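Just so you know, the sequences run in chain order L and E.
If you're matching positions, the first sequence starts at 0 in numbering that gives the first Met the number 0 and goes up one per residue.
If you're matching positions, the second sequence starts at 0 in numbering that gives the first Met the number 0 and goes up one per residue.
Heads up: the structure comes next, in structure tokens.
Protein chains: 2
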Amino acid sequence: MSDNSVIGKRVPRSDAWAKATGSAQYADDLSLPGMLHGKLLRSSLPHARIREIDVSRARALPGVKAVITGADLPKVKYGNWRLVPATQDEYALAVGKVRFIGDEVAAVAAVDRETAEEALDLIRVEYEELPAAFDIDASMAQGAPVIHEETPGNISVTRNIAYGDVEAGLRQSDYVREDVFTMQAVSHAYLEPCSCLAQSDDQGRITLWTSTQTPYIVQCLLASVLGLRENEVRVIKPHVGGGFGGKMELRPWDVCAAFLARLTGKPVKFTMTRHEELATGRRRHPMRIWSRVGFRKDGTLVAKDFRVHLDGGGYNSMGPTAAFLVGNFGAMLYRYPAYRYEGFHVYTNNPPAGAMRGFGAPQALFAAESQMNMAALELGIDPIELRIANAMKTGDEIPDVATISSCAFRECLEEVARRSDWKRKRAELKDGKGVGIGCYSFITGGVFNWFDTQYPFSAAEVRAYSDGTVHLLTMASDIGQGSDTVLKQILAEELGISMKDIQITAADTAVTPKGDLGTWGSRVTLMAGNAVIEAARQIKEELFRMLSVRFNLNVIHDMECKDGMVRVKFRPDRGMKFGEAVAMAQKSRRGEPVVGRGTYTPRDMGLVTPTFSFGAQVAEVEVDRETGLTRVEKMFTVHDCGKVLNPMAVEGQVEGSIQMGLGYALCEELVMSSGRTLNASFLDYKTPGALDMPAGESVCIEVPEPRGPYGAKETGEGPVSPTAPAIADAVWHATGYRCKDLPITPEKVLRGIREIDRAARHAGDRDR
Amino acid sequence: MSDNSVIGKRVPRSDAWAKATGSAQYADDLSLPGMLHGKLLRSSLPHARIREIDVSRARALPGVKAVITGADLPKVKYGNWRLVPATQDEYALAVGKVRFIGDEVAAVAAVDRETAEEALDLIRVEYEELPAAFDIDASMAQGAPVIHEETPGNISVTRNIAYGDVEAGLRQSDYVREDVFTMQAVSHAYLEPCSCLAQSDDQGRITLWTSTQTPYIVQCLLASVLGLRENEVRVIKPHVGGGFGGKMELRPWDVCAAFLARLTGKPVKFTMTRHEELATGRRRHPMRIWSRVGFRKDGTLVAKDFRVHLDGGGYNSMGPTAAFLVGNFGAMLYRYPAYRYEGFHVYTNNPPAGAMRGFGAPQALFAAESQMNMAALELGIDPIELRIANAMKTGDEIPDVATISSCAFRECLEEVARRSDWKRKRAELKDGKGVGIGCYSFITGGVFNWFDTQYPFSAAEVRAYSDGTVHLLTMASDIGQGSDTVLKQILAEELGISMKDIQITAADTAVTPKGDLGTWGSRVTLMAGNAVIEAARQIKEELFRMLSVRFNLNVIHDMECKDGMVRVKFRPDRGMKFGEAVAMAQKSRRGEPVVGRGTYTPRDMGLVTPTFSFGAQVAEVEVDRETGLTRVEKMFTVHDCGKVLNPMAVEGQVEGSIQMGLGYALCEELVMSSGRTLNASFLDYKTPGALDMPAGESVCIEVPEPRGPYGAKETGEGPVSPTAPAIADAVWHATGYRCKDLPITPEKVLRGIREIDRAARHAGDRDR
């Protein structure tokens with residue numbers, strides 16, 4: 000592997016120049032002749048029946064071209080879980096009821112944004128306010144308001160995982176502990192707010208440029224809502240300024256833009272404001288996790304009972320997946336002979352939660368890893384040693400779910416202990432300083448076909464040209480994570496050419512090859528990467544045949560594409576330039592171009608994912624005992640993402656994950672009051688900045704994953720999860736205060752410290 | 000054939016709605032962030048050495064981002080005849096010399112058009128004026144100024160065709176006549192002036208949106224000029240407002256836009272003015288044709304000697320093709336046992352001529368058909384009968400050149416005589432009224448690979464979807480002639496679906512399949528159409544296999560795609576919906592999409608074309624003896640274009656050809672004075688308007704062409720040629736004046752009539 004030319008190298012992102020110079024076009028940068036601007040009227044109430052909507056004054060405003068409400072749109076519900084239609088619970092514009100503050104009620108298209116906004120003020124909605132439920136308990140209580148008539152108890156989805164005898168296991172355990180953890184809602188805070196531009200043709204067919212992670216999903220669902228056939232909708236992904244799971248669904252503005260474009264005959268653009276994004280946008284699920292876990296005296300895990308309630312908000316969104324994944328991650332990292340998971344996705348009158356980076360793992364692992372740390376303490380075992388003793392290994396199986404095809408978790412634990420000087424610091428640090436540990440695992444793409452795609456999970460077409468260049472076409476979606484770059488790297492390596500020889504066309508449902516499920520679950524490198532390899536190998540095969548002809552080679556000769564050449568291995572004199580070989584192959588086909596076509600669909604890999612990443616993180620903090628403020632001074636992360644295809648990209652993902660993890664642990668929270676988001680601006684919603692980033696090290700243990708391209712597995716999401724439990728552990732180490740309720744705010748820390756002090760004083764009093 | 004569903008039907012153009020509503024985007028409608036506007040400085044002299052160019056003041060003008068001259072560009076000459084590099088004689092910006100008034104000397108990119116124009120005025124060019132040659136004779140004269148140093152005699156190309164013994168034939172003829180004809184320069188007068196927009200990426204790769212008929216040619220030549228690899232240039236054809244042969248080359252603005260985009264890092268747009276188009280743009284070749292033809296007494300053609308001089312202007316452009324085709328068309332329509340052609344492409348200091356609708360045929364046929372009419376008169380044979388006696392027939396061969404695979408010329412002649420009431424009118428009309436005849440033939444695409452493409456001549460990819468829709472991808476270029484529509488018709492017919500089921504992506508060199516040579520020579524319907532059929536048949540084959548499985552069919556069953564169904568012929572109960580069959584085929588491939596890929600390259604069809612169209616036209620005119628003004632009252636056209644795929648489209652082409660033919664015959668002329676175009680505006684350059692269009696009939700004789708899709712052959716260019724000779728003949732019939740020097744202006748007619756009157760008076764005087 001060490002003689003790779005491009006794979007494993009520090010390759011800068013292909014889109015860096017375009018983004019840095021401003022030539023990259025995001026959806027809101029696009030413009031078409033006669034284009035109209037759209038705005039959405041949103042519900043001001045958390046739960047209400049709509050008695051009447053009067054749009055007449057808005058329609059009469061000069062410059063307004065159309066105003067629509069739920070009554071105008073086809074009555075088709077949508078949602079990402081197409082395989083289970085009962086989960087599809089959203090209308091683009093409210094029909095009959097609104098279910099959260101911000102629920103979309105009407106849409107306006109006007110000649111400019113100002114006019115559209117003015118028109119919103121002229122729409123009169125008569126509501127009948129209904130009782131609302133703003134948390135899990137209120138929503139599940141007897142007599143609670145019913146949010147969707149089809150779901151009387153407000154539990155829209157339940158998920159179960161079970162293997163081994165949990166009850167017996169817990170009975171037989173030497174040590175059992177039971178904890179409850181809660182996690183807040185946080186925002187993706189992507190830099191680019193959602194935006195889309197729709198154009199209709201004379202048949203009412205739609206072209207939609209939209210800021211999305213999942214062009215194919217948007218295509219299919221938009222078509223079904225508009226009553227069009229799938230391919231009468233074309234979705235094109237422009238440059239996207241981050242998604243983190245928040246842009247993987249069909250959204251009301253997509254529907255409204257398309258519908259209004261058909262209605263007016265003009266292109267229509269919608270762009271969300273930051274306030275709309277923070278106040279009403281998708282968010283990470285607030286959860287409550289109850290976990291009971293049993294150990295033998297020596298620290299061996301025996302059984303675990305894991306029960307999770309998810310606050311889904313007003314609609315399902317990606318909740319059904321969250322409800323499964325959180326249970327899956329509850330069983331990860333360690334060998335649980337018996338495991339039981341019950342997950343409940345609960346409707347409330349909060350803004351709906353959706354998918355977000357690490358999907359299910361940050362919550363599950365905050366609970367599970369915190370519990371592991373607390374158990375270690377009580378068992379008198381070092382938390383890293385407790386983990387090593389129970390760590391999953393290559394070849395392990397999660398019954399009915401997955402096999403662990405590669406795992407360097409133990410190595411990660413050992414390495415993070417060494418690099419962070421864990422033993423010494425855990426023993427010695429004091430005076431408000433502490434170290435703590437958190438670990439993680441994440442999926443590398445999903446296997447279970449909840450969207451019910453009819454196409455391969457990923458596809459790539461590679462066109463090789465006699466000029467030495469190559470064109471890669473794929474529906475894989477780069478949303479800023481760098482997948483275009485890594486796919487080009489893979490292709491360059493396979494064909495022995497350079498990055499500059501490759502042009503890429505991606506994420507246009509009309510012209511790129513079917514299919515692709517989009518960017519989520521850290522799936523792109525493995526799945527689209529494997530498709531690219533298959534396509535490239537078809538081309539190599541053809542070029543090798545030409546080489547055989549040209550040099551009259553023995554049938555057993557080994558050949559390679561390398562350094563821009565197609566050549567006999569170890570016989571560089573017997574070679575031709577890549578483009579020359581392509582020209583020869585093309586001649587041999589009497590002019591027909593040389594094209595390779597590859598696809599990837601995970602088969603015989605269980606239900607969840609082809610492979611899991613693993614990793615361990617140690618946080619070193621200082622807690623100010625006067626203010627309760629926690630400052631993370633160092634962060635050590637050791638990551639098992641298989642072979643590192645691009646160290647710059649992996650570092651970027653790990654650093655970005657730490658930044659997001661820091662926010663989740665310490666400061667980020669969408670503060671809610673009766674369904675209203677109180678801090679819907681970046682002034683009030685605090686994300687860590689560059690100056691908040693800790694020092695430390697991020698390293699990878701490179702154990703090649705057999706199912707991954709060049710041995711790679713995921714890197715973009717796993718490292719987002721360990722940060723909160725590691726910091727919580729370090730805060731405990733520094734102060735004695737154990738936080739089970741994210742985020743770990745100064746207020747909570749102060750209160751925790753004071754309680755400990757009070758208890759100590761109390762104990763002192765009693766002892767005295 | 001009569002049970003076709005779409006083929007042969009009056010199908011409106013697919014782009015009609017977009018064009019009528021203004022949503023169609025032409026190159027000049029496009030805009031990109033930071034875009035600059037370009038303007039060209041053109042030579043004010045017809046022939047001069049450039050001593051010095053001072054751009055410093057222009058560069059200093061605020062808002063100017065770059066000024067370039069020939070010294071800045073790579074010294075790479077280009078031209079369409081890539082197969083013969085010696086013919087490539089153009090630089091985008093003049094190097095050393097200018098060769099015509101309008102030759103491009105410098106280019107400016109500025110923040111807006113006004114600033115760019117202002118900058119042009121600030122560029123100081125110091126010329127050393129050289130003697131110039133403004134016509135063929137001056138240019139070929141001894142001691143004439145040498146226009147290109149590599150071509151001392153100014154004859155850049157000579158072409159010869161010869162078969163049979165012409166000298167013996169003429170000696171043995173009973174009747175020989177010799178004439179000289181001259182034709183003027185005319186403009187394409189397309190509605191959309193040339194325009195392009197170039198964008199560069201960080202590697203200097205170019206995306207160019209340009210108003211072109213030939214994306215592939217522009218791609219290849221632009222790459223070679225810029226020193227890029229072919230596929231480092233991507234050419235996208237937006238909507239195009241007509242080309243007529245005038246947009247089939249790489250042009251200086253394409254090069255300058257791309258170069259300036261690389262230089263400035265900003266997108267750069269150029270759009271020509273109408274003045275630039277008329278004063279300096281490509282035009283139909285002015286020619287002088289000397290023709291000697293011999294007949295037997297009974298009218299049988301024996302031999303023909305055809306010598307042509309083309310005024311090519313300052314550069315070759317498409318002159319090498321013109322010099323061949325005019326000789327080819329001189330031998331068409333009739334059986335010439337012996338034929339000799341010599342063609343001379345002559346450089347002059349006029350603006351360069353290029354390809355234009357009918358390419359070579361309007362000139363060749365004005366001469367040949369006029370001569371036929373004059374010969375008929377002197378032989379005492381009706382001109383239509385003389386033609387019938389010599390008419391080409393299916394199966395005829397033009398030695399070494401082509402076979403006539405279908406020909407209904409005789410039927411066209413008979414039909415046009417009948418419809419126009421020829422016999423009666425030719426015998427009876429008087430008082431300034433007359434009828435005249437002209438005939439024509441045209442190629443249906445070219446065989447000879449002058450561009451030296453490495454790819455198939457045409458290609459189509461057809462993606463069939465389970466939703467019942469189909470996506471056609473092709474590099475074929477609709478420039479307003481309607482090829483997208485006809486290709487969709489062919490595909491709809493093949494797959495038994497409707498036009499609305501089809502989406503098309505065309506003419507983008509990056510994403511549409513290689514290759515296609517562009518839109519010229521009436522090639523698209525036949526070549527791209529055949530590629531579409533091949534692709535569609537692959538899909539049908541796959542669907543038929545599914546039908547066999549589904550209904551457990553006997554291996555001998557016949558099947559069809561028809562009415563949206565895939566079914567057993569004559570057993571409509573055994574069928575499934577098209578989309579259902581596609582879904583089944585896709586399942587049988589475990590999700591891989593159903594795609595057909597077809598190509599077309601003409602083989603075993605000689606050197607010129609797969610097949611020729613034929614036709615005959617009768618013009619009925621009234622000549623005002625006071626003013627000399629000729630008014631065409633009726634026009635009867637009978638056209639052999641094989642099977643008519645879309646009557647609306649064919650009618651449009653024939654009507655459009657008549658309009659252009661009228662202009663060529665009567666009023667259009669780029670009036671030149673010492674190399675300067677005197678009438679470079681639509682006020683002064685007169686094209687016929689709707690009110691000038693004659694009544695009459697245009698009908699088709701539908702004899703299926705075996706090499707054409709559904710039996711079709713060309714229709715877009717042939718009918719442009721007969722109009723001038725038919726009108727000249729009718730004017731003769733009306734007045735006795737025979738015009739051999741286009742256009743037939745009132746001045747010439749008046750002068751002709753007066754000379755005849757004078758001669759008559761003279762004869763009367765003498766007789767008296």
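Even for Gly, the Cβ is constructed at its ideal location relative to N, Cα and C.
On a predicted model such as this, the values are computed, not experimentally measured, just so you know.
Note to self: Am I right that P251 of chain E and A260 of chain E are in contact with their C-beta atoms under 8 Å? What's the rounded C-beta distance?
What the structure shows: The residue given as residue 251 of chain E occupies position 252 in the second sequence. The residue given as residue 260 of chain E occupies position 261 in the second sequence. Contact flag wrong, Cβ pair sits at about 15 Å.
Checklist line | Any chain C beta carbon closer than 9 Å to D173 of chain E | finding: In the displayed structure, chain C is absent; the protein chains listed are L and E.
Next item on the list: Find the nearest neighbour of G69 of chain E within the set E:A59, E:E410 and E:A91, judged by alpha-carbon distance.
Entry: The sequence position of residue 69 of chain E within the second sequence is 70, counting from 1. Shortest Cα-Cα distance from G69 of chain E to any of E:A59, E:E410 and E:A91 involves E:A91.
Next item on the list: Go to L300 of chain L, then tell me how far its beta strand (DSSP E) extends in each direction, as first and last residue.
Entry: Along the first sequence, one-based indexing puts residue 300 of chain L at 301. That run of the beta strand (DSSP E) goes L300 to G312.
Checklist line | Cross-chain neighbours of Q585 of chain E in chain L, by beta carbon under 7 Å | finding: Position 586 of the second sequence, counted from the first residue, corresponds to residue 585 of chain E. Simply Q453.
Notebook entry, point to check: Per the contact definition of three or more C-beta pairs closer than 8 Å, is the stretch 704 to 719 of chain L in contact with the stretch 412 to 431 of chain L?
Noted result: Contact fails between the stretch 412 to 431 of chain L and the stretch 704 to 719 of chain L, because fewer than three Cβ pairs, one in each stretch, are under 8 Å apart.
Notebook entry, point to check: Does the separation of the CB atoms of K424 of chain E and E619 of chain E fall below 9 Å?
Noted result: The sequence position of residue 424 of chain E within the second sequence is 425, counting from 1. The sequence position of residue 619 of chain E within the second sequence is 620, counting from 1. Yes, they are a contact pair.
Item checked: Ranges of the beta strand (DSSP E) found wholly within the stretch 1 to 68 of chain E, counting only runs of at least 3 -> Entirely contained in the stretch 1 to 68 of chain E, the beta strand (DSSP E) runs reaching 3 residues are, in chain order, 35 to 41, 47 to 53 and 63 to 68.
Margin query: Closest to P11 of chain E by C-alpha separation, out of E:A584, E:F441, E:S419 and E:S482, would be which residue?
Written below: As a working mapping, residue 11 of chain E is identified with position 12 in the second sequence. Considering only alpha carbons, the answer is E:S482.
Note to self: By alpha-carbon positions, which one of E:I67, E:G21 and E:A367 ends up nearest to L40 of chain E?
What the structure shows: What you label residue 40 of chain E is simply residue 41 of the second sequence in a count that begins at 1. Looking from the CA of L40 of chain E, the closest CA among E:I67, E:G21 and E:A367 belongs to E:I67.
Check: For V179 of chain E, does the count of other Cβ atoms within 10 angstroms reach 16, so buried, or fall short, so exposed?
Finding: Your numbering for residue 179 of chain E matches position 180 in the second sequence. Classification for V179 of chain E: exposed.
Next item on the list: Tell me, please, whether the CB atom of V510 of chain L is closer than 9 Å to any CB atom in chain E?
Entry: For this step, residue 510 of chain L is matched to residue 511 along the first sequence. Output row for V510 of chain L: interface = yes.
Next item on the list: Could you have a look at C666 of chain E and say whether DSSP puts it in helix, strand or coil?
Entry: Within the second sequence, the letter at position 667 stands for residue 666 of chain E. It is helical.
Check: Would the beta-carbon of I135 of chain E be found less than 8 Å away from any heavy atom of the ligand MG?
Finding: For the ligand MG, the structure offers nothing, since it holds no ligand at all.
Notebook entry, point to check: At a CB-CB cut-off below 7 Å, which residues of chain L make contact with N230 of chain E?
Noted result: The count along the second sequence starts at 1 and reaches residue 230 of chain E at position 231. The CB of N230 of chain E comes closer than 7 Å to the CB of Y464, D466, T468, H470 and Q502 in chain L, given here in chain order.
Next item on the list: Compare the C-beta of P609 of chain E against all C-beta atoms of chain L and say whether one is closer than 9 Å.
Entry: Sequence index remark: in the second sequence, residue 609 of chain E carries index 610 (1-based). For P609 of chain E, not one C-beta of chain L is nearer than 9 Å to its own C-beta.
Check: Quick one: is T600 of chain L buried, meaning 16 or more other Cβ sit within 10 Å of its Cβ, or exposed?
Finding: In the first sequence, the residue the question calls residue 600 of chain L occupies position 601. By the neighbour-count definition (other C-beta atoms within 10 Å, threshold 16), T600 of chain L is a buried residue.
Notebook entry, point to check: Is S419 of chain L close to chain E, meaning its C-beta is less than 9 Å from at least one C-beta of that chain?
Noted result: Mapped onto the first sequence, residue 419 of chain L falls at position 420. It does not; no Cβ of chain E falls within 9 Å.
Note to self: Considering Cα atoms alone, identify which of L:V567, L:F323, L:G528 and L:A534 is closest to G595 of chain L.
What the structure shows: As a working mapping, residue 595 of chain L is identified with position 596 in the first sequence. Of the candidates L:V567, L:F323, L:G528 and L:A534, the one whose C-alpha sits nearest the C-alpha of G595 of chain L is L:A534.
Notebook entry, point to check: F450 of chain E: which of E:G662, E:C219 and E:V631 sits nearest, CA to CA?
Noted result: Here residue 450 of chain E corresponds to residue number 451 of the second sequence, with the count starting at 1. The residue with the shortest Cα to Cα distance from F450 of chain E is E:C219.
Notebook entry, point to check: Can the beta-carbon of I478 of chain E be found closer than 9 Å to that of K739 of chain E?
Noted result: Residue 478 of chain E sits at position 479 when you count from the first residue of the second sequence. Residue 739 of chain E sits at position 740 when you count from the first residue of the second sequence. No, Cβ-Cβ distance for I478 of chain E and K739 of chain E is not below 9 Å.
Item checked: Endpoints, the beta strand (DSSP E) within which N159 of chain E is located -> Along the second sequence, one-based indexing puts residue 159 of chain E at 160. Counting along the chain, the beta strand (DSSP E) containing N159 of chain E begins and ends at I154 to Y162.
Checklist line | A17 of chain E: contacting residues in chain L (beta-carbon distance under 9 Å) | finding: As a position in the second sequence, residue 17 of chain E is number 18, starting the count at 1. Residues of chain L passing the Cβ test: D200 and D201.
Check: M0 of chain L: buried (16+ other C-beta within 10 angstroms of its C-beta) or exposed?
Finding: Sequence index remark: in the first sequence, residue 0 of chain L carries index 1 (1-based). With a pLDDT of only 42 at M0 of chain L, under the threshold of 50, the placement of this residue in the model should not be trusted; the figure read from the coordinates follows. If you draw a 10 Å sphere on the C-beta of M0 of chain L, you find fewer than 16 other C-beta atoms in it, and that means exposed.
Check: In whole angstroms, what is the alpha-carbon distance linking P742 of chain L and S404 of chain L?
Finding: Start at 1 with the first residue of the first sequence, and residue 742 of chain L comes out as number 743. Start at 1 with the first residue of the first sequence, and residue 404 of chain L comes out as number 405. Put simply, the backbone Cα of P742 of chain L is about 34 Å away from that of S404 of chain L.
Next item on the list: Label S42 of chain E either buried or exposed according to how many other C-beta atoms from any shown protein chain fall within 10 Å of its C-beta, with 16 as the threshold for buried.
Entry: In the second sequence, residue 42 of chain E corresponds to position 43, counting from 1. Answer is buried; the Cβ neighbour count reaches 16.
Next item on the list: Output, in chain order, the set of chain L residues within a Cβ distance shorter than 9 Å of G33 of chain E.
Entry: Position 34 of the second sequence, counting from 1, holds the residue named residue 33 of chain E. What G33 of chain E touches in chain L, judged by beta-carbon distance under 9 Å, is T20, G21 and S22, going in chain order.
Margin query: Taking a contact to mean a Cβ-Cβ separation below 9 Å, would you say A302 of chain L touches D399 of chain L in this structure?
Written below: Looking up residue 302 of chain L in the first sequence gives position 303. Looking up residue 399 of chain L in the first sequence gives position 400. Their beta carbons are not under 9 Å apart, which means A302 of chain L does not touch D399 of chain L by this criterion.
Item checked: the stretch 434 to 442 of chain E / the stretch 75 to 94 of chain E touching (three or more Cβ pairs under 8 Å) -> Verdict: no, contact absent.
Notebook entry, point to check: Under a three-way DSSP split, which group does D683 of chain L fall into?
Noted result: Looking up residue 683 of chain L in the first sequence gives position 684. D683 of chain L carries a coil assignment under DSSP once its states are collapsed to helix, strand and coil.
Check: Which same chain residues, not among the five before or five after G62 of chain E, have their C-beta less than 6 Å away from its C-beta?
Finding: On the second sequence, residue 62 of chain E is found 63 positions in, with the first residue counted as 1. A109, V110 and T114, listed in sequence order.
Checklist line | Backbone CA spacing between G359 of chain L and A188 of chain L [nearest angstrom] | finding: As a first step, residue 359 of chain L must be located in the first sequence, where it is residue number 360. As a first step, residue 188 of chain L must be located in the first sequence, where it is residue number 189. The C-alpha of G359 of chain L lies about 18 Å from the C-alpha of A188 of chain L.
Margin query: Please classify R757 of chain E as buried or exposed, where buried requires at least 16 other C-beta atoms within 10 Å of its C-beta.
Written below: The sequence position of residue 757 of chain E within the second sequence is 758, counting from 1. Exposed is the call here.
Margin query: In whole angstroms, give me the CA-to-CA distance for I755 of chain L and H732 of chain L.
Written below: Along the first sequence, read from residue 1 onward, the residue named residue 755 of chain L stands at position 756. Along the first sequence, read from residue 1 onward, the residue named residue 732 of chain L stands at position 733. If you take the alpha carbons of I755 of chain L and H732 of chain L, they lie about 13 Å apart.
Notebook entry, point to check: Measuring CB to CB, does L283 of chain E end up less than 9 Å from A184 of chain E?
Noted result: Within the second sequence, the letter at position 284 stands for residue 283 of chain E. Within the second sequence, the letter at position 185 stands for residue 184 of chain E. Here the sequence assigns Arg to residue 283 of chain E, which means Leu is not the residue at that position. Less than 9 Å divides the Cβ of R283 of chain E from the Cβ of A184 of chain E.
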